[in-house]
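>
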Ligand code: FES
C-alpha cells in the first residue's frame with residue numbers, strides 16, 4: 105500500500121491491520137512518534153492524518169493509506185522549526201521529553217484550527233495528553249507563545 109508521510113511517498117508491504125505507529129517507527133524509521141500506552145490513552149503517538157490529530161497506536165495502517173500523514177519529523181519547514189517547536193524549546197516545556205512530540209502535534213493542529221486560542225481551548229485540546237514529568241504549566245506557556253508569534257507573523261504578512 106502507499107503511504108504519504110511528511111510529503112514523501114512510501115510503498116510498504118505490511119499487514120493492513122498493523123498499527124500505523126509500528127509502521128512509522130519500525131518500517132519507515134520515523135521514531136519521533138512515541139509508543140506510550142499503546143491503547144489510545146496517553147497521546148505520545150499522535151500524528152496528523154489529513155490535518156487531524158490521530159492516535160497512531162490504535163490506527164490500522166490501512167486506514168491511513170492514501171491520506172496525508174504528518175509526523176513530528178515533518179513539522180518543520182526546511183531548517184525552520186514550527187513555531188510550536190520553537191516555543192517548546194524556549195520555555196523548556198518538557199523534562200524527559202517522551203511525551204513532547206505528541207503534545208507538539210496536537211498544539212500545531214490546534215493553532216491551525218484556532219490561531220488565537222484561550223487557556224481553556226489549549227487545555228481542552230491537550231487534555232488527553234499525559235506528561236509524567238508534570239510540565240503542564242510550561243507547555244501551556246509555550247503554546248500561548250507560539251500562538252502570539254503566529255498571530256504576529258500573520259499580521260505582518262497582511
Ligand atoms: Fe498511543 Fe498512548 S501510545 S495513545
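Numbering (the working numbering), first residue to last: 105 to 262. Heads up, the beta-carbon is just placed ideally off N, CA and C, and yes, glycines get one too. Here the structure is a predicted model, which means the values were calculated and not measured.
#1: Relative to the alpha-carbon of residue 162, which residue among 148, 195, 253 has its alpha-carbon at the smallest distance?
#2: Going by DSSP in three states, residue 130 sits in which element: helix, strand or coil?
#3: Within 10 angstroms of its Cβ, does residue 237 collect 16 or more other Cβ (buried), or is it exposed?
#4: Within 10 angstroms of its Cβ, does residue 180 collect 16 or more other Cβ (buried), or is it exposed?
#5: What's the gap between the Cα of residue 214 and the Cα of residue 251?
#6: Rounded to the nearest angstrom, what separates residue 105 and residue 203 at their Cα positions?
#7: According to DSSP, simplified to helix, strand and coil, what is residue 248?
#8: At a cut-off of 6 Å, is residue 149 close to the ligand FES when judged by its beta-carbon and the heavy atoms of the ligand?
#9: Does the region 114 to 130 come within contact of the region 183 to 202, defined as at least 3 CB pairs closer than 8 Å?
#10: Using a threshold of 6 Å, is the CB atom of residue 144 nearer than that to any non-hydrogen atom of the ligand FES?
The relevant details are as follows:
#1: Here residue 162 refers to the residue found at position 58 when the chain shown is read from its first residue. Checking every option, the nearest Cα to that of residue 162 belongs to 148.
#2: Translated into the one-based positions of the chain shown, residue 130 becomes position 26. Correct three-state label for residue 130: helix.
#3: Position 133 of the chain shown, counted from the start, is the residue given in the question as residue 237. So residue 237 counts as exposed.
#4: Numbered from its first residue, the chain shown carries residue 180 at position 76. Exposed: under 16 other Cβ atoms inside 10 Å.
#5: Here residue 214 is taken as the residue at index 110 of the chain shown, counted from 1. Here residue 251 is taken as the residue at index 147 of the chain shown, counted from 1. So the two alpha carbons sit approximately 10 Å from each other.
#6: Counted from its first residue, the chain shown places residue 105 at position 1. Counted from its first residue, the chain shown places residue 203 at position 99. Going from the Cα of residue 105 to the Cα of residue 203 covers about 29 Å.
#7: Locating residue 248 in the chain shown gives position 144, counting from the first residue. Here residue 248 sits in helix by DSSP.
#8: Reading the chain shown from its first residue, position 45 is the one you call residue 149. Checking every heavy atom of the ligand FES against the Cβ of residue 149, one is found closer than 6 Å.
#9: no
#10: Looking up residue 144 in the chain shown gives position 40. Result yes, Cβ under 6 Å from the ligand FES.
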